[in-house]
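Student: Counting in my numbering, the sequence shown runs from 67 upward without gaps.
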Amino acid sequence: MPEDHFETGRLLTPRVDRYAQITMRMNHYSVPVRLIGRQVRVLLHACELVVYYGCTEVARHEGLPTRGGSRLDLDRYLEGLLRKPGALPGATALDQARAAGKFTPVHDAWWEATRRAHGGFVTESGLWSNFCGVPTPCDR
Numbered sequence: 067m068p069e070d071h072f073e074t075g076r077l078l079t080p081r082v083d084r085y086a087q088i089t090m091r092m093n094h095y096s097v098p099v100r101l102i103g104r105q106v107r108v109l110l111h112a113c114e115l116v117v118y119y120g121c122t123e124v125a126r127h128e129g130l131p132t133r134g135g136s137r138l139d140l141d142r143y144l145e146g147l148l149r150k151p152g153a154l155p156g157a158t159a160l161d162q163a164r165a166a167g168k169f170t171p172v173h174d175a176w177w178e179a180t181r182r183a184h185g186g187f188v189t190e191s192g193l194w195s196n197f198c199g200v201p202t203p204c205d206r
């Protein structure tokens, strides 16, 4: 048997969209927020895809069996939530993480600590933050 590994996956080079997602075969997959606007390499296999930036693996997802779906990993959005904390309450990634049981008490504790540290508070319409000069509903 040969010693060399023969790669059977297909190599593609999509660009990361403004939602920190790539589109593969009409499905959306999350990548780290820091890669928005950058081109990444994707090794597409029959049942999974692996995303690389440079020589570093940045994401790995199980492939979706149908078109028009999304596989979003909440952990990949946490660094973006430091800049835009109001995005979490309605996030699709949060809904998927809760449904899969991945939004653990550790995530919840991190969210609460961040929210308190930045002076945000929760209303019926989501999180409003008093830092960075963002007006609250009472200020309007």
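C-beta: ideal position from N, C-alpha, C; glycine also.
1. Any idea what DSSP makes of Thr-158, helix, strand or coil?
2. Pairs of beta-carbons, one from the segment 114-134 and one from the segment 79-98, closer than 8 angstroms: are there three or more?
3. Going straight from the alpha carbon of Lys-150 to that of Val-82, what length do you get?
4. Hey, is Glu-128's beta-carbon within less than 9 angstroms of any beta-carbon in chain C?
5. Under 6 angstroms Cβ to Cβ from Arg-206, same chain only, skipping five residues before and after it: list those, please.
6. Any heavy atom of the ligand SAM closer than 8 angstroms to the beta-carbon of Arg-91?
7. Ser-136 and His-94 look like a contact to me (Cβ under 8 angstroms); what is the Cβ gap, rounded to whole Å?
8. Looking only at DSSP bridge pairs, what is Ala-125 linked to?
9. Tell me Leu-148's beta-bridge partners as DSSP assigns them.
10. Have a look at Leu-109, Arg-104 and Pro-131 and flag the residue whose alpha-carbon is nearest the alpha-carbon of Leu-74.
11. Tell me whether the beta-carbon of Ala-159 lies closer than 9 angstroms to the beta-carbon of Leu-140.
Tutor: Reading from the atomic positions:
1. By 1-based counting over the sequence shown, the position of residue 158 is 92. Three-state DSSP puts Thr-158 in a helix.
2. yes
3. Taking the sequence shown and counting its residues from 1, one reaches residue 150 at position 84. Taking the sequence shown and counting its residues from 1, one reaches residue 82 at position 16. Each residue's alpha carbon lies about 19 angstroms from the other.
4. Absent from the structure is chain C; it holds one protein chain and no more.
5. As a working note, residue 206 is residue 140 in the sequence shown. Only weak support exists for where Arg-206 lies, its pLDDT of 38 falling under 50; the value from the coordinates is given anyway. If we look at Arg-206 and ignore the five residues flanking it on each side, it has no Cβ neighbours.
6. Among the components of this structure there are no ligands whatsoever, and the ligand SAM is therefore not found.
7. Your numbering for residue 136 matches position 70 in the sequence shown. Your numbering for residue 94 matches position 28 in the sequence shown. Indeed they touch by this definition, with Cβ atoms about 4 angstroms apart.
8. One-based indexing of the sequence shown puts residue 125 at position 59. DSSP output for Ala-125 lists Val-117 as bridge partner(s).
9. Counted from its first residue, the sequence shown places residue 148 at position 82. For Leu-148, which the question treats as bridged, DSSP gives no partner whatsoever.
10. Looking up residue 74 in the sequence shown gives position 8. First, the residue type needs correcting, since residue 74 is Thr and not Leu in the sequence shown. Nearest option by C-alpha distance: Leu-109.
11. Start at 1 with the first residue of the sequence shown, and residue 159 comes out as number 93. Start at 1 with the first residue of the sequence shown, and residue 140 comes out as number 74. Closer than 9 angstroms, so yes.
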